[in-house]
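Novice:
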Amino acid sequence: MINYKKKIMILGVCTFLLSGCGSKEVISEITENSSKEDTIEEMTMETTVGVEGTFDDITYDEIDLAIDSSMPSIISDSDMLAMFIEPLSPKIGWLSYELMSCVNNEQFMEWEGRYKTERRLAASNLNNFPNKYSFINDFNLTDECVLSVLKEVLENYESHGAGERAEYEYTSEDIDVLLHGSEEEIIERFASEYSIAIGDHIYCPQWMYLHMPEQYTQVGITKEMVREKIAAYSKIPLPYDARIAFQDKISDFLEEEIIFDDTYINENYGGMFYKFKGQTITVGDEEYGMSWLSSRSIQAYERAGITTDMLEDLLERIADQSDTKEYEWIHGCLVRMKEME
Numbered sequence: 002m003i004n005y006k007k008k009i010m011i012l013g014v015c016t017f018l019l020s021g022c023g024s025k026e027v028i029s030e031i032t033e034n035s036s037k038e039d040t041i042e043e044m045t046m047e048t049t050v051g052v053e054g055t056f057d058d059i060t061y062d063e064i065d066l067a068i069d070s071s072m073p074s075i076i077s078d079s080d081m082l083a084m085f086i087e088p089l090s091p092k093i094g095w096l097s098y099e100l101m102s103c104v105n106n107e108q109f110m111e112w113e114g115r116y117k118t119e120r121r122l123a124a125s126n127l128n129n130f131p132n133k134y135s136f137i138n139d140f141n142l143t144d145e146c147v148l149s150v151l152k153e154v155l156e157n158y159e160s161h162g163a164g165e166r167a168e169y170e171y172t173s174e175d176i177d178v179l180l181h182g183s184e185e186e187i188i189e190r191f192a193s194e195y196s197i198a199i200g201d202h203i204y205c206p207q208w209m210y211l212h213m214p215e216q217y218t219q220v221g222i223t224k225e226m227v228r229e230k231i232a233a234y235s236k237i238p239l240p241y242d243a244r245i246a247f248q249d250k251i252s253d254f255l256e257e258e259i260i261f262d263d264t265y266i267n268e269n270y271g272g273m274f275y276k277f278k279g280q281t282i283t284v285g286d287e288e289y290g291m292s293w294l295s296s297r298s299i300q301a302y303e304r305a306g307i308t309t310d311m312l313e314d315l316l317e318r319i320a321d322q323s324d325t326k327e328y329e330w331i332h333g334c335l336v337r338m339k340e341m342e
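The sequence shown begins at 2 in the numbering used here and counts up by one.
1. Taking only three categories from DSSP, how would you classify I64?
2. Three-state secondary structure (DSSP) at H212?
3. Let me check one thing: in DSSP terms, what residues is E189 bridge-paired to?
4. Per DSSP, which residues does E287 bridge with? Please list them.
5. If you reduce the DSSP assignment to three classes, tell me which class A232 lands in.
6. Cα separation between A123 and A67?
7. Taking the beta strand (DSSP E) that I197 belongs to, which residues open and close that run?
8. Y1 and N129 look like a contact to me (Cβ under 8 Å); what is the Cβ gap, rounded to whole Å?
9. Name the residue from F85, L316 and F254 whose alpha carbon lies nearest to the alpha carbon of K224.
10. Could you tell me which residues DSSP puts in a beta bridge with I319?
11. Quick check: the Cα distance between L96 and K133, rounded to an integer number of angstroms?
12. Tell me Y204's beta-bridge partners as DSSP assigns them.
13. Do you know how far the Cα of E99 is from the Cα of T32?
14. Given this structure, state the Cα-to-Cα distance separating Y195 from R244, to the nearest angstrom.
15. In whole angstroms, give me the CA-to-CA distance for G330 and M101.
16. Between which two residues does the alpha helix (DSSP H) carrying W95 extend?
17. With DSSP as the reference, label T32 as helix, strand or coil.
18. Within the continuous alpha helix (DSSP H) that includes N269, where are the two ends?
19. Would you call the CB atoms of I237 and F277 closer than 8 Å?
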């Protein structure tokens, strides 16, 4: 999965550059010079010269920061949840190693460090999370700079399959919007199929998951907008507890019961995200599901009244899933709790 994502990230920028980033003259010049002996490393050194940026801390929207902490924590491979986390389509939502080479490593690390808060919330502003637009905009990269560092990718472009090219290739209109359009135009054109776009703000499924229904209304999200996304939300391979919590939240907003369709999940993931369905620990009137158990400390277990006997019973029930992150986490907590007895 990691290799696949890397390939797609590279292809995303590759097609972005091939489709006319800047003028045709720039593309022709890069292509005609492809026989020269310059290496990609040498060209990168040249293009990083003079690229500077000093970055202030990002001021996040208050509505973005006001997250709903009651939702189950999610432990899963981020590659599998790109549709949940990413507000934009991969065309401009994903960075690539070639594009990052337009600046030196120190500059990139400083730039990326600005977004550390975004790791725990879902930002709705284009400039508040890493993407091609924010990268190019923050560093004021020229078309020539971006094209030059991808010379070798341009040469090898035709080796990619037609299916991949069709999915990630940019049209001239795409390029014009990316380089010269307003943030509202960029969001309208490049929003993920899972996201809701409203003016110059974009609300991905993660934003919807982390915020309350009353906050939907506050930012202008309507019931009709959400209804149009139910089929897309149904495709997201969230852990079972998180999926049910998200489903219930959408139902609350719509004021009607919504059941996510499991067909796509079962066909494409073999039900793997539902392997712990119904596996809980009950203490009194409280029920603790796998999402909660696999993201809490032993101190939280103790406060909840969860004992080692309860954990052993649960691990016995899910013994066939001993190679999962969830099992390993709970088993590790059990071992530590026994050592403290």
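We put the beta carbon where it would ideally sit given N, CA and C, even for glycine.
Specialist: Quick answer:
1. helix
2. coil
3. Note: E189 sits in no beta bridge, so no partner.
4. V284
5. helix
6. 10 Å
7. I197 to I199
8. The chain is shown only over 2 to 342; residue 1 falls outside these bounds and no answer can be derived.
9. F254
10. Answer by DSSP bridge pairing: none, since I319 is not bridged.
11. Between L96 and K133, the C-alpha separation is close to 6 Å.
12. I197
13. In this prediction, T32 has a pLDDT of 32, which is less than 50 and means its spatial position is unreliable; what the coordinates show is noted afterwards. Spanning the two alpha carbons is a distance of roughly 17 Å.
14. 15 Å
15. In the sequence under discussion, the amino acid at residue 330 is Trp, which differs from the Gly named in the question. The straight-line gap separating the alpha-carbon atoms of W330 and M101 is approximately 35 Å.
16. From DSSP, W95 is part of no alpha helix (DSSP H); its letter is neither H nor E.
17. Legend: pLDDT at T32 = 32, less than 50; position of this residue unreliable, no value from coordinates given.
18. T264 to Y270
19. no
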